[in-house]
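Engineer: Position 74 (the sequence shown) corresponds to 304 in the numbering used here; numbering is contiguous.
Note that the Cβ used here is the ideal one computed from N, Cα and C, for glycine as well.
Can you keep this structure in mind? I'll have questions shortly.
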Amino acid sequence: MEVTLRASNGAKILVWREDDLFHARRAEAPLEPLQTCLGLDLFEIIADLARLDLEDGAQTAEAIELSRSAQRLLARAPGSPETAIHYQLGEDPPSTTRSSTD
Numbered sequence: 231m232e233v234t235l236r237a238s239n240g241a242k243i244l245v246w247r248e249d250d251l252f253h254a255r256r257a258e259a260p261l262e263p264l265q266t267c268l269g270l271d272l273f274e275i276i277a278d279l280a281r282l283d284l285e286d287g288a289q290t291a292e293a294i295e296l297s298r299s300a301q302r303l304l305a306r307a308p309g310s311p312e313t314a315i316h317y318q319l320g321e322d323p324p325s326t327t328r329s330s331t332d
C-alpha cells in the first residue's frame, strides 16, 4: 500500500511500508533514489523530500503531522500493495475500510 502526502508547498511525497521500514520518494521524481528509514525518522525524510525547513517551527510541525498521518494510515491499511491513499495536511484522513461495492 502506498500513501501520497501533499505538503503545504505543493510537494507530493509517496510513502510505503515494508515490515518496520518506511520508504519514501518525491512523486514528481520517480527516478530519484528511495529514502528508507524507521518510523521515528520519517518526519525528517518527509521534510527533506518536501523541502521543508526543520529550523522553522511551523514547517517542522507540518513534517511531523504528515509523518504521523502516513504511519497511522499505513498501520491500519488493507493488505493490498496496489491500494493507494492520498492525503493532504488539513484534510480528514481517508477511511481505509472498503464498502460492499468495492
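Using the Cα positions of residue 294 and residue 266, report the straight-line distance between them to the nearest angstrom.
Structural biologist: Roughly 16 angstroms between the two C-alpha positions.
Engineer: What separation, rounded to the nearest whole angstrom, lies between the Cα atoms of residue 256 and residue 288?
Structural biologist: When rounded, the distance between both Cα atoms is 21 angstroms.
Engineer: If I'm right that residue 273 touches residue 297 with Cβ under 8 angstroms, what's the distance once you round it to whole angstroms?
Structural biologist: 4 angstroms between Cβ atoms; contact.
Engineer: When burial is assigned at 16 or more other CB atoms within 10 Å of the CB, is residue 261 buried or exposed?
Structural biologist: With fewer than 16 Cβ atoms within 10 Å of its Cβ, residue 261 is classed as exposed.
Engineer: What does DSSP give as the partner residue(s) for residue 294 in the beta ladder?
Structural biologist: DSSP output for residue 294 lists no bridge partner at all.
Engineer: Quick check: what's the CA-CA separation for residue 281 versus residue 241?
Structural biologist: Taking the straight line from one Cα to the other gives about 8 angstroms.
Engineer: Residues in its own chain within less than 8 angstroms of residue 304 by CB, not counting five upstream and five downstream?
Structural biologist: So the list reads 231, 233, 245, 246, 247, 252, once near-sequence residues are dropped.
Engineer: Going by DSSP, what residue range makes up the beta strand (DSSP E) through residue 254?
Structural biologist: Looking at the DSSP string, the run of the beta strand (DSSP E) that includes residue 254 is 251-256.
Engineer: Taking 8 angstroms as the threshold (C-beta atoms), are residue 268 and residue 250 in contact?
Structural biologist: Yes, the pair counts as a contact, with Cβ atoms nearer than the cut-off.
Engineer: Starting from the Cα of residue 238, find the closest Cα among 291, 275, 271 and give me that residue.
Structural biologist: Selected option, being the one with the closest Cα: 291.
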